[in-house]
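First residue of the sequence shown? That's 3 in our numbering, and the numbers climb one at a time after it.
Backbone N, C-alpha and C define an ideal beta-carbon position, used for all residues, glycine too.
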Amino acid sequence: MSILKVARMGHPVLRARAKAVEKSVVRQPLFQKLIDDMIETMFEYHGVGLAAPQIHEGVRLFVGLLEEEPGPDSDAVVVINPEIVPQSPSTADGWEGCLSIPDIRGMGPRHTDILVRALDRDAKPIELKLKNFAARVAQHETDHLDGVLFFDRMKSFESLTFLEEYSRYHAKDDEG
Ligand code: NI
């Protein structure tokens, strides 16, 4: 496996719409290696999600730790061609960061209760019912596939903070 270079904000690949993945492509060894490399890269940089455009691949694929409180022992979930269906109109504000926007945190609204329809790494259809933090991660990563960054979702930039100041002043109200 290899650790991949992560594109940073400003790179045009982060603003392009990624292409759907053909089912027949999913099982190919190169695609499987891409998945493994993305998982390794996400853990290396302590991310909770990583979308293919972030590693310069314009395909609709992300990996993420889709749990309420992910840790280093969490298993990465592989999500291909995701479709997000909100299960209620309810949204909540929460903190987000992004490996493509290093050392910055900001708060924005996300749906709190979603269904994700996608393919897994065996090209089998899956449905994930996600709430709160896991739902936030899935929405953040799916946005990457449409060239959308979390800054675009923020209602105000007032909460923007560097990571060090986040840890010092804001981590206590981090609900995920
Ligand atoms: Ni991101």
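With the rule of 3 Cβ pairs closer than 8 angstroms, the segment 48-56 does not count as touching the segment 116-123. Secondary structure of Arg112 (DSSP, three-state): strand. The segment 56-75 and the segment 138-157 touch, with no fewer than 3 CB-CB distances between them shorter than 8 angstroms. If you look at Asp124, you'll find it isn't in any alpha helix (DSSP H); DSSP assigns it neither H nor E. Shown here, Arg107 sits in a strand according to DSSP, grouped into three states. Shortest gap from the CB of Leu6 to any heavy atom of ligand 1: 7 angstroms or more. Within a 10 Å sphere around the beta-carbon of Glu24 sit fewer than 16 other beta-carbons, which makes this residue exposed. For Ile82, the pairing in a beta bridge is given by DSSP as Leu63 and Leu121.
The straight-line gap separating the alpha-carbon atoms of Leu16 and Asp148 is approximately 9 angstroms. Counting only the Cα atoms, Leu162 lies some 14 angstroms from Arg170.
Annotated three-state conformation of Asp95 is strand, per DSSP.
At the C-beta level, Arg107 and Tyr47 stay beyond 8 angstroms of one another. Pro104 counts as exposed, since fewer than 16 other C-beta atoms from the protein chains shown sit within 10 angstroms of its C-beta. Inclusion of Phe152 and Gly110 in the CB contact set at 8 angstroms is warranted, their separation being smaller than that value.
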